[in-house]
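Residue numbers (the numbering used here): 332 to 596. Just so it is clear, CB atoms sit at the ideal spot from N, CA and C, and this is done for glycine as well. Below is one structure, written out as structure tokens; the observations come after it.
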Amino acid sequence: MKEEERRRREEEVAQERQRKLEEKKRKEAEEASKKQRKPGQKRKGLGGLSKEKKRLLKQLIMQKAADEMKAEMKRRQEERENFLRGKVEPLKLDGLGENDLNAKVKQLYERVRQLEGDKYDWEEKLRRQDFEINELTIKVNDVKGKFVKPVLKKVSKTESHMARFEKKEGGHSLSSFRSQLKSTGHSKYALEEKDEVVIGYVGKYISLTSQYYSVITWRLLDLTFLPMHQMSSLVRTKHQATRTVKVWKIAVIAILRRNYPGLLK
Numbered sequence: 332m333k334e335e336e337r338r339r340r341e342e343e344v345a346q347e348r349q350r351k352l353e354e355k356k357r358k359e360a361e362e363a364s365k366k367q368r369k370p371g372q373k374r375k376g377l378g379g380l381s382k383e384k385k386r387l388l389k390q391l392i393m394q395k396a397a398d399e400m401k402a403e404m405k406r407r408q409e410e411r412e413n414f415l416r417g418k419v420e421p422l423k424l425d426g427l428g429e430n431d432l433n434a435k436v437k438q439l440y441e442r443v444r445q446l447e448g449d450k451y452d453w454e455e456k457l458r459r460q461d462f463e464i465n466e467l468t469i470k471v472n473d474v475k476g477k478f479v480k481p482v483l484k485k486v487s488k489t490e491s492h493m494a495r496f497e498k499k500e501g502g503h504s505l506s507s508f509r510s511q512l513k514s515t516g517h518s519k520y521a522l523e524e525k526d527e528v529v530i531g532y533v534g535k536y537i538s539l540t541s542q543y544y545s546v547i548t549w550r551l552l553d554l555t556f557l558p559m560h561q562m563s564s565l566v567r568t569k570h571q572a573t574r575t576v577k578v579w580k581i582a583v584i585a586i587l588r589r590n591y592p593g594l595l596k
């Protein structure tokens with residue numbers, strides 16, 4: 332037993348020494364090949380082909396692909412001819428009389444009618460299979476939780492812009508939303524005509540006397556006594572005015588209502 336164990340160890344050591352020696356020789360050969368190779372030279376193999384050889388190789392591959400395609404087309408044509416030859420019997424019209432020719436025509440007509448019926452059946456079967464495949468695909472996607480993007484209708488951006496423009500011209504824009512509201516017939520919160528006159532006068536006056544902006548801004552605190560519905564009515568009345576002038580008008584009207592209650596009645 333000891334002798335066998337010693338012999339086995341010696342064999343393993345010899346194999347390991349041989350493996351290391353082969354690895355060393357391989358590395359030395361690689362180093363020598365690297366030294367012999369020029370700096371700009373490519374490694375030999377598929378990547379080391381010259382441009383001319385690559386061009387020739389490409390031509391050979393394209394030629395082989397073209398030959399294979401021609402052979403495939405020829406094979407399919409032969410299969411088609413063999414199938415038609417088996418389905419279509421050759422006409423034998425020599426020596427046939429008028430009655431025989433009429434019978435032959437009727438026979439051919441029945442044959443064509445039968446083939447057309449078979450063709451329709453096969454087409455209907457294919458359509459039904461396509462429909463079933465689509466249904467099963469939808470079910471599989473539903474089970475997996477995948478969303479199938481539907482086919483969207485193509486809409487021209489130019490047409491959509493023109494439709495939006497026509498909509499605005501027709502008085503259906505957002506700015507005319509107030510005119511679309513249903514009237515209740517009550518003018519409880521509507522401003523009177525003299526209120527509109529005062530608003531216009533105050534707006535002109537404020538535009539000419541902007542140096543009093545800070546004073547009127549501080550007087551905005553007086554707006555707290557106004558009810559909310561009156562405030563919203565004032566804002567809707569002058570919706571087209573600029574924001575600054577609109578705020579100033581509201582402030583001045585509030586001040587006038589507080590200090591001079593009888594002026595805007």
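Taking all protein chains in view, the Cβ of ALA397 is surrounded by fewer than 16 other Cβ atoms within 10 Å, so the residue is classified as exposed. Rounded to whole angstroms, the separation of the alpha carbons of LEU483 and LYS475 is 23 Å. Taking a C-beta distance under 8 Å as the contact criterion, LEU446 and LYS435 do not qualify as a contact pair. Under the 10 Å beta carbon count, ALA585 is surrounded by 16 or more other beta carbons and is classified as buried. Judged by beta-carbon spacing, LEU380 lies beyond the 8 Å limit of LEU391, meaning their Cβ atoms are not closer than that value. In the DSSP annotation of this structure, GLU420 is not part of any alpha helix (DSSP H), being labelled neither H nor E. A residue is called buried once 16 or more other Cβ atoms fall within 10 Å of its Cβ, and VAL443, having fewer, is exposed.
Counting C-beta atoms within 10 angstroms of its own C-beta, VAL583 has 16 or more neighbours from the protein chains shown and is therefore classed as buried. Going by DSSP, GLY476 is part of no alpha helix (DSSP H) at all; its letter is neither H nor E.
Rounded to the nearest whole angstrom, the CA to CA distance from LEU352 to GLU334 is 27 Å.
Sequence-distant partners of LEU424 (beyond 5 residues in either direction) whose C-beta falls short of 8 Å from its own C-beta, in its chain, are LEU432 and LYS435. DSSP places LEU483 outside both helix and strand once states are collapsed to three, so it counts as coil.
LYS385 has its alpha-carbon roughly 31 Å from the corresponding atom of GLU359.
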